[in-house]
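Participant: One structure, as structure tokens, below. Some questions next.
Protein chains: 2
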Amino acid sequence: MRTTVQDVARAAGVSVSTVSRALTGGSVSPATREAVVAVAHRLGYQPNRAARGLITGRTGNLGLIVPDLRNPFFADVAKGVTARARAVDCGVFISDTDEDPVAELEAIATLRHNTDGILLCSPRAKDAELLAAADPQNTVLLHRRVPGLSSVVADIVDGTRQAVQHLRALGHRRIAYVSGPEDSWATRQRLAGLATFDGDDLEILPIGSVAPTFDGGVLAGDLVLAAPATAVLAYNDLVAMGLLHRLAARGAVVPDRLSVVGYDDVSLAGMSHPPLTSVSVPKDRAGAIGLDLLLGRAGSMTAAQGAEVILPTTLVVRASSGEPPA
Amino acid sequence: MRTTVQDVARAAGVSVSTVSRALTGGSVSPATREAVVAVAHRLGYQPNRAARGLITGRTGNLGLIVPDLRNPFFADVAKGVTARARAVDCGVFISDTDEDPVAELEAIATLRHNTDGILLCSPRAKDAELLAAADPQNTVLLHRRVPGLSSVVADIVDGTRQAVQHLRALGHRRIAYVSGPEDSWATRQRLAGLATFDGDDLEILPIGSVAPTFDGGVLAGDLVLAAPATAVLAYNDLVAMGLLHRLAARGAVVPDRLSVVGYDDVSLAGMSHPPLTSVSVPKDRAGAIGLDLLLGRAGSMTAAQGAEVILPTTLVVRASSGEPPA
DNA sequence: TTGAAAGCGCTAACAA
DNA sequence: TTGTTAGCGCTTTCAA
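Residue numbers (the UniProt record's numbering), protein chains in the order written: chain A, 1 to 326; chain B, 1 to 326.
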């Protein structure tokens with residue numbers, strides 16, 4: 001049988017309420033507290049969070065819902081959340097929905113009643129579904145914005161702009177864009193960034209939508225080579241990696257024949273051949289900030305107030321981008 | 001205020017115990033059950049798992065402890081666990097210890113009292129520490145074996161043998177081995193596999209230990225080139241990727257000059273340049289089996305009985321291995 | 001400062 | 001088959 005407050009109280013010769021107070025910071029005499037703490041430690045007492053939560057109404061846990069842990073982007077976000085959670089002694093329920101909007105909604109339904117709040121990362125469900133399923137008071141969206149819910153996002157529009165400006169500065173005038181899932185928030189943000197450019201001295205060539213995966217990038221490779229572009233901006237790093245792979249197979253040297261720029265700057269970006277120029281978005285920081293928002297630790301802002309945090313993006317230049325062919 | 005059994009009972013005109021029975025599969029008349037279920041659904045009732053756990057002694061949750069979610073190997077394991085957990089309606093507490101043995105032990109201490117069991121993946125702590133911290137009754141080790149605790153591991157010795165045999169069949173006679181963290185279980189297993197070969201017509205050249213990361217592989221690249229080997233076996237895929245990167249930078253063509261074989265077959269392995277030959281270990285399956293063991297769903301075996309599951313490994317041949325230079 | 005007692009939401013005896 | 005009741009381990013009134 002595990003140690004309970006009862007055991008500690010008996011061993012310390014005080015009442016259970018005194019034990020409780022001593023351990024949670026109530027008013028107890030220093031001597032009593034010291035004694036109780038010592039006994040609790042000696043007995044290896046670990047409070048039952050469930051029982052505590054039952055009465056306080058706070059479980060000390062929160063839920064993190066991600067589409068796919070295997071995607072390094074989400075792994076990074078999860079890392080940021082768990083790191084911060086450990087620092088504030090908060091448990092994290094993880095739910096990997098496998099990119100399934102239905103599983104996502106179910107996870108929200110289960111977790112919202114068994115946690116103090118939910119961190120919903122890049123949800124695939126529609127705005128209306130999310131609004132219906134989530135409690136605005138204790139839900140924070142990560143990397144997605146839905147009116148009526150708190151969110152922490154990166155400045156994707158600006159990031160996209162930085163990427164294009166970088167390519168333009170290098171001399172590129174025709175830039176292909178490989179798009180991700182149509183109708184997704186992230187896709188629309190990227191297009192918004194692109195829209196500020198087309199015209200001028202620059203031409204953006206839409207290559208179409210592919211799955212936001214390595215295979216999607218491979219698929220896009222041939223399409224890009226067939227287009228009159230000297231550079232290509234990919235939906236994300238995974239797509240860019242697939243692109244790199246296919247271009248190499250087709251004998252197109254990067255960046256001599258074609259410059260490639262990715263998005264997200266996941267850890268893989270530095271491992272590709274050549275290393276990938278990419279728009280860096282603060283992934284783990286977004287997770288940590290989301291958690292603070294949920295727990296009301298983010299200074300004046302809280303999730304309940306409908307906070308909208310926008311984090312800056314920065315372009316990380318590596319070897320996959322260079323001057324266009326002469 | 002959220003809906004409780006009380007609310008459902010009142011609305012359905014029955015007692016709380018009837019509601020409880022109707023919802024958890026006790027003996028109730030079909031008509032009553034139907035009515036209760038309907039009301040519960042209408043009211044959006046979600047049982048409070050904490051309260052339930054308080055009385056049943058089972059929380060319906062388990063803990064998953066991994067060294068680093070950013071490592072694709074652990075992401076895969078986590079994926080296997082969460083997928084299976086979702087199927088059996090079990091919550092998963094995740095804890096990323098950041099490769100810190102102390103954090104690991106702390107996580108065990110916290111989780112063992114607030115979950116039905118712990119899945120401990122590739123722990124970094126010592127055998128004795130783990131034995132002291134964990135409850136053998138409801139702890140399952142993943143990819144690590146400690147006498148006295150249940151475990152699910154891959155047949156690393158055999159996997160290593162397959163890799164070497166593959167290289168020998170290609171004609172290699174001098175194979176470099178880049179080792180991982182000294183004194184780790186995984187490292188010892190690999191060395192055991194290697195030990196069955198040295199001598200014969202084959203020479204294994206130990207290159208030394210590096211961090212099990214991309215950077216570790218980059219570091220090892222030069223060492224490998226300086227050795228008289230025609231092939232190199234890396235501690236894991238991340239190291240192999242770093243190796244590939246450094247070899248390319250040094251102008252050594254893979255596999256013409258040197259064959260490279262990785263370990264784990266993480267998703268990146270297929271994305272490298274050239275695609276990496278790697279020993280595939282069943283990562284997500286290990287996670288799923290571990291969960292079943294913990295929950296007593298793995299047929300006759302349970303964690304409590306000290307189960308030791310060994311999963312087969314298979315070599316996946318890709319383009320990074322070929323015949324040795326003439 | 002301390003203790004007694006109530007009760008969080010739920011399930012599991014025990015009766016009816 | 002159903003309802004009543006007693007807790008699970010904890011915190012928090014309320015008195016002392």
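Even for Gly, the Cβ is constructed at its ideal location relative to N, Cα and C.
Every value quoted in this text rests on a predicted model; they were computed, and no experiment measured them.
So which residues on chain A does B:Arg-70 lean against when the C-beta distance must stay under 8 Å?
Facilitator: Working through the second sequence from its first residue, we reach residue 70 of chain B at position 70. Correct list: Pro-72, Ala-75, Asp-76, Lys-79 and Ser-267.
Participant: Give the DSSP bridge partners of A:Arg-174, in chain order.
Facilitator: The count along the first sequence starts at 1 and reaches residue 174 of chain A at position 174. A:Glu-203.
Participant: Are the segment 170–180 of chain B and the segment 202–211 of chain B touching, with three or more C-beta to C-beta distances below 8 Å?
Facilitator: Flag = yes, the segment 170–180 of chain B and the segment 202–211 of chain B touch.
Participant: Going by beta carbon distance, what residues of the same chain come within less than 7 Å of B:Asp-198, once the five residues before and after it are set aside?
Facilitator: Here the question's residue 198 of chain B lines up with position 198 in the second sequence. Excluding residues within five positions, the ones whose Cβ falls inside 7 Å are Ile-204.
Participant: Name the chain B residues that come within less than 7 Å of A:Gln-162, Cβ to Cβ?
Facilitator: Residue numbering aside, residue 162 of chain A sits at position 162 when the first sequence is read from its first letter. Here the premise fails: no neighbours, minimum Cβ distance about 25 Å.
Participant: Check whether the segment 63–83 of chain A touches the segment 91–99 of chain B, counting contact only when three or more Cβ pairs, one atom from each stretch, lie closer than 8 Å.
Facilitator: Enough Cβ pairs lie closer than 8 Å, so yes.
Participant: Output yes or no for whether 8 Å exceeds the beta carbon distance between residue 385 of chain B and B:Leu-258.
Facilitator: Given that chain B is displayed from residue 1 to residue 326, the structure contains no residue 385 of chain B and the question cannot be resolved.
Participant: Here's the rule: buried if 16 or more other CB atoms are within 10 angstroms of the residue's CB, otherwise exposed. What is A:Thr-56?
Facilitator: Sequence index remark: in the first sequence, residue 56 of chain A carries index 56 (1-based). It counts as exposed.
Participant: Let me know the secondary structure DSSP gives A:Glu-129 once reduced to three states.
Facilitator: As a first step, residue 129 of chain A is located in the first sequence; it is residue number 129 there, counting from the start. A:Glu-129 falls in the helix class under three-state DSSP.
Participant: Contact criterion: CB-CB distance below 8 Å. Does A:Ala-103 meet it with respect to chain B?
Facilitator: Within the first sequence, numbered from 1, the residue matching residue 103 of chain A stands at position 103. Closer than 8 Å: yes.
Participant: By the three-class DSSP mapping on this structure, what secondary structure does A:Thr-277 have?
Facilitator: Within the first sequence, the letter at position 277 stands for residue 277 of chain A. Note: A:Thr-277 maps to strand in three-state DSSP.
Participant: Comparing alpha-carbon positions, which option in B:Ser-320, B:Pro-312 and B:Val-266 lies nearest B:Asp-256?
Facilitator: The sequence position of residue 256 of chain B within the second sequence is 256, counting from 1. Checked all of B:Ser-320, B:Pro-312 and B:Val-266; the closest Cα to B:Asp-256 is B:Ser-320.
Participant: So B:Val-19 is in the alpha helix (DSSP H); what residue range does that whole segment cover?
Facilitator: Here residue 19 of chain B is taken as the residue at index 19 of the second sequence, counted from 1. That run of the alpha helix (DSSP H) goes 16–24.
Participant: Beta carbons nearer than 8 Å to chain A: which residues of the segment 247–266 of chain B have them?
Facilitator: Listed by position, the residues of the segment 247–266 of chain B near chain A (Cβ gap below 8 Å) are Ala-248.
Participant: For the segment 195–253 of chain B, which segments carrying the beta strand (DSSP E) assignment without a break, of at least 3 residues, lie completely within its bounds, in sequence order?
Facilitator: Listed in chain order, they are 203–209 and 231–234.
Participant: For A:Asp-264, which three-state DSSP category applies?
Facilitator: On the first sequence, residue 264 of chain A is found 264 positions in, with the first residue counted as 1. Residue state, collapsed to three classes: strand.
Participant: For the 8 Å Cβ check, are there 3 or more pairs between the segment 271–290 of chain A and the segment 136–144 of chain A?
Facilitator: These segments touch.
Participant: Is there a C-beta anywhere in chain B that falls below 8 Å from the one on A:Leu-54?
Facilitator: Indexing the first sequence from 1 puts residue 54 of chain A at position 54. Taking Cβ atoms only, chain B reaches closer than 8 Å to A:Leu-54, which makes this a yes.
Participant: Out of curiosity, what's the CA-to-CA distance linking B:Ala-195 and B:Leu-167?
Facilitator: Counting from one through the second sequence, the residue named residue 195 of chain B turns up at place 195. Counting from one through the second sequence, the residue named residue 167 of chain B turns up at place 167. When rounded, the distance between both Cα atoms is 15 Å.
Participant: Since A:Ser-95 meets chain B, which of its residues come closer than 8 Å, beta carbon to beta carbon?
Facilitator: For the purposes of this step, residue 95 of chain A is identified with residue 95 of the first sequence, where counting begins at 1. Per Cβ cutoff of 8 Å: Thr-82, Arg-86 and Val-92.
Participant: DSSP three-state label for B:Leu-69, please.
Facilitator: To locate residue 69 of chain B, count along the second sequence from 1; it is residue 69. Here B:Leu-69 sits in coil by DSSP.
Participant: Starting from A:Thr-314, follow the beta strand (DSSP E) in both directions and report where the run begins and ends.
Facilitator: Your numbering for residue 314 of chain A matches position 314 in the first sequence. That run of the beta strand (DSSP E) goes 314–316.
Participant: Might you give, ordered along the chain, the residues of its own chain that have their beta carbon closer than 6 Å to the beta carbon of A:Gly-193, omitting 5 neighbours on each side?
Facilitator: As a working note, residue 193 of chain A is residue 193 in the first sequence. For A:Gly-193, where only same-chain residues beyond five positions count, the Cβ hits under 6 Å are Val-157, Thr-160 and Arg-161.
Participant: Under 8 Å, Cβ to Cβ, is there at least one residue of chain A near B:Thr-277?
Facilitator: Here residue 277 of chain B corresponds to residue number 277 of the second sequence, with the count starting at 1. Not closer than 8 Å to any Cβ of chain A, the Cβ of B:Thr-277 fails to qualify, so no.
Participant: Excluding the 5 residues preceding and the 5 following B:Ala-11 in the sequence, name in chain order all residues of the same chain whose CB lies nearer than 7 Å to its CB.
Facilitator: Within the second sequence, the letter at position 11 stands for residue 11 of chain B. Closer than 7 Å at the Cβ level, and outside the excluded window around B:Ala-11, lie Val-39 and Leu-43.
Participant: Looking at the secondary structure, which residues open and close the beta strand (DSSP E) in which A:Asp-96 lies?
Facilitator: Stepping through the first sequence from its first residue, residue 96 of chain A is reached at position 96. Element bounds for A:Asp-96: 91–96.
Participant: Take B:Ala-9 and list the residues in its own chain whose beta-carbon comes closer than 8 Å to its own, dropping the five residues that flank it on each side.
Facilitator: Within the second sequence, numbered from 1, the residue matching residue 9 of chain B stands at position 9. The answer, listed in chain order, is Ser-15, Val-16, Thr-18 and Val-19.
Participant: Would a check of beta-carbon distances place A:Thr-59 closer than 8 Å to chain B?
Facilitator: Within the first sequence, the letter at position 59 stands for residue 59 of chain A. True, the Cβ-Cβ gap to chain B drops below 8 Å.
Participant: So with CB distances below 9 Å, who are the chain B contacts of A:Phe-197?
Facilitator: Counting from 1 along the first sequence, the entry for residue 197 of chain A is found at position 197. None at all; the shortest Cβ gap to chain B is about 30 Å.
Participant: What does B:His-273 touch in chain A if you count any residue whose Cβ is under 7 Å from its own?
Facilitator: Residue 273 of chain B sits at position 273 when you count from the first residue of the second sequence. Within 7 Å Cβ-Cβ: His-245, Ala-248 and His-273.
Participant: Return helix, strand or coil for A:Leu-43, following the three-state DSSP convention.
Facilitator: Locating residue 43 of chain A in the first sequence gives position 43, where the first residue counts as 1. Three-state DSSP puts A:Leu-43 in coil, outside helix and strand.
Participant: Which residues in the same chain have their Cβ closer than 6 Å to the Cβ of A:Arg-246, if we skip the five residues on either side of it in sequence?
Facilitator: Residue numbering aside, residue 246 of chain A sits at position 246 when the first sequence is read from its first letter. Closer than 6 Å at the Cβ level, and outside the excluded window around A:Arg-246, lie Val-218 and Gly-221.
Participant: CA-CA distance, A:Leu-202 and B:Phe-73?
Facilitator: Here the question's residue 202 of chain A lines up with position 202 in the first sequence. Here the question's residue 73 of chain B lines up with position 73 in the second sequence. If I take the Cα positions, the gap works out to 42 Å.
Participant: Rounded to the nearest angstrom, what separates B:His-273 and B:Thr-110 at their Cα positions?
Facilitator: In the second sequence, counting from the first residue as 1, residue 273 of chain B sits at position 273. In the second sequence, counting from the first residue as 1, residue 110 of chain B sits at position 110. Each residue's Cα considered, the two are about 43 Å apart.
Participant: Taking C-beta pairs closer than 9 Å, name the residues in chain A that B:Thr-110 reaches, listed in chain order.
Facilitator: Translated into positions along the second sequence, residue 110 of chain B becomes position 110. Near B:Thr-110 (Cβ distances below 9 Å), the residues of chain A are Gln-46, Arg-49, Asp-89 and Gly-91.
Participant: Against chain A, does B:Asn-114 count as a neighbour if the rule is that its beta carbon must be under 8 Å from one of theirs?
Facilitator: Residue 114 of chain B sits at position 114 when you count from the first residue of the second sequence. So, interface residue.
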